[in-house]
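Asker:
Residue numbers (this note's numbering): 210 to 574.
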């Protein structure tokens with residue numbers, strides 16, 4: 210039955226890096242080559258970085274289920290993730306390679322379907338100009354396997370998901386204009402299956418970017434770090450495919466339309482401009498950082514009967530605190546609350562939080 214496949218695809222959990230974590234399937238790896246030796250335990254994750262002044266390695270595990278903070282102790286889907294990497298650094302440049310593996314198994318929805326989804330993410334990280342220029346290129350490839358037992362009219366369904374979000378980060382060394390970041394985002398989902406002897410394939414893809422410019426100043430004991438964040442995401446070829454998913458990541462799934470001709474007359478898109486003020490203060494033991502932003506968001510669904518641009522306010526607040534009783538031991542807490550993406554109208558707010566301990570280890574000689 211066609212609905213068995215489509216329902217399962219629509220309900221897939223997105224396999225992607227969360228906002229907080231060790232190295233994962235996204236561009237977290239951009240700091241791998243500069244991270245000090247450490248043993249870290251945080252919410253749903255742990256990891257170890259070890260090496261000498263030139264060569265370092267990492268191993269990490271975490272849960273990518275993105276369970277909300279209030280649901281950590283309740284039942285939820287466990288998505289184990291393993292990260293491995295090795296890097297070489299000098300004063301002139303650094304290069305590292307990594308690999309991240311995500312696995313999801315035994316989904317049971319109203320259709321009683323089962324699947325396992327594997328997401329493989331090879332990563333390359335490069336640093337130049339004494340670590341002031343950093344580049345990371347992760348490539349997520351998701352492959353889905355269905356158990357079609359008892360579903361005779363769906364034979365050999367296949368799924369492929371690809372997600373790329375390379376990031377370039379440049380630290381200028383100038384306090385007044387301190388940092389530039391650019392992330393390019395591309396995603397593709399494709400599902401193929403045979404329905405009553407007819408081969409059917411659906412493909413959805415998206416493109417976007419995230420640009421940030423950071424500034425800085427010191428006022429008394431308080432550090433100021435204002436920045437502006439501009440993001441743009443759009444689906445590709447929605448008018449041809451009838452699929453208008455924005456911001457595709459490997460494993461997010463696609464839902465084919467019922468009538469391609471009446472579905473889209475333009476590609477859906479979303480634009481977000483968010484000026485943000487960051488504030489920091491430090492003592493010998495406690496470090497505090499907080500930021501708040503209020504900006505503008507525009508969204509167009511591209512639908513034939515709802516083709517209008519929606520204008521709203523976007524907002525976000527983030528804070529972190531570090532307590533270091535001795536220089537090699539740190540307790541850390543961070544939290545974020547923000548407005549949802551425009552197309553996710555079922556969500557009122559987005560909330561993330563993490564806490565844990567980091568033990569900084571000496572470098573091998």
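Quick reminder that beta carbons are idealized off the backbone N, C-alpha and C, glycines included.
1) I need the DSSP call for residue 241, collapsed to helix, strand or coil.
2) Does DSSP put residue 236 in a helix, a strand or coil?
3) Around the C-beta of residue 384, are 16 or more other C-beta atoms found within 10 angstroms, so that it is buried, or is it exposed?
4) Give me, in chain order, the residues of the same chain whose beta-carbon lies closer than 6 Å to that of residue 566; leave out the 5 immediate sequence neighbours on both sides.
5) Could you tell me which residues DSSP puts in a beta bridge with residue 430?
6) Taking the alpha carbon of residue 414 as the reference point, which residue from 369, 389, 538 has its own alpha carbon closest?
7) Alpha carbon to alpha carbon, how far is residue 301 from residue 243?
8) When you compare the segment 399-408 with the segment 430-449, are there three or more beta-carbon pairs, one atom per stretch, that lie closer than 8 Å?
9) Counting Cβ pairs closer than 8 Å, one from the segment 426-439 and one from the segment 395-405, do we hit at least three?
10) State the CB to CB distance for the pair residue 532 and residue 494, rounded to an integer number of angstroms; the pair is presumed to be in contact (CB under 8 Å).
11) Assuming residue 371 contacts residue 459 under a Cβ cut-off of 8 Å, what Cβ separation, rounded to an integer in Å, is found between them?
12) What's the C-alpha gap between residue 424 and residue 354?
13) Ordered along the chain, which non-local residues of its own chain (more than five positions away) have a Cβ less than 6 Å from that of residue 569?
14) If you draw a straight line from the C-alpha of residue 510 to the C-alpha of residue 454, how long is it?
15) Have a look at 378, 416, 377, 485 and flag the residue whose alpha-carbon is nearest the alpha-carbon of residue 205.
16) Per DSSP, which residues does residue 514 bridge with? Please list them.
17) Along the chain, which unbroken stretches of the beta strand (DSSP E) at least 3 residues long are found entirely within the segment 487-539?
18) Out of 465, 310, 411, 377, point me to the one whose CA is closest to residue 349's CA.
19) On a Cα-Cα basis, can you pick out the residue from 378, 373, 395, 399 that is closest to residue 366?
20) Run through DSSP, which three-state label would residue 450 get?
21) Once you ignore the five residues that flank residue 505 on each side, which residues in its own chain have a CB closer than 6 Å to its CB?
22) In the DSSP assignment, the beta strand (DSSP E) including residue 289 goes from what residue to what residue?
23) Might you give, ordered along the chain, the residues of its own chain that have their beta carbon closer than 8 Å to the beta carbon of residue 520, omitting 5 neighbours on each side?
24) Buried or exposed: residue 463, going by 16 or more other Cβ atoms within 10 Å of its Cβ?
25) Could you compute how far the alpha carbon of residue 320 sits from the alpha carbon of residue 328?
26) Under 6 Å Cβ to Cβ from residue 421, same chain only, skipping five residues before and after it: list those, please.
27) Would DSSP call residue 316 helix, strand or coil?
28) Pull up the DSSP beta-bridge partners for residue 384, would you.
29) How long is the line joining the alpha carbons of residue 472 and residue 512, rounded to whole angstroms?
Answerer: In terms of the structure at hand:
1) Three-state result, residue 241: coil.
2) helix
3) exposed
4) 250, 540
5) Residue 430 pairs with nothing; no bridge assigned.
6) 369
7) 13 Å
8) Judged by Cβ distances under 8 Å, the segment 399-408 makes no contact with the segment 430-449, as fewer than three pairs qualify.
9) no
10) 6 Å
11) The pair is a contact, with the Cβ atoms about 6 Å apart (cut-off 8 Å).
12) 47 Å
13) Hits under 6 Å: 245, 247, 537.
14) Computed Cα separation, rounded: 10 Å.
15) The structure shown does not extend to residue 205, since the chain spans only 210 to 574, so no value can be given for it.
16) Looking at the DSSP assignment, residue 514 forms no beta bridge with any residue, so it has no partner.
17) 495-509, 518-535
18) 310
19) 399
20) helix
21) 482
22) 289-298
23) Excluding the 5 residues flanking it on each side, residue 520 has same chain C-beta neighbours closer than 8 Å at 505, 506, 507, in chain order.
24) buried
25) Interpretation of residue 320 is limited by its pLDDT of 46, a score under 50 that renders its predicted location unreliable; the figure taken from the coordinates is listed afterwards. Roughly 23 Å separates the two Cα atoms.
26) 390, 436, 438
27) Confidence at residue 316 is low in this model, with a pLDDT of 49, below 50, so its placement is unreliable and the value that follows should be read with caution. Coil.
28) Partner(s): none; residue 384 has no beta bridge.
29) C-alpha separation (whole angstroms): 6 Å.
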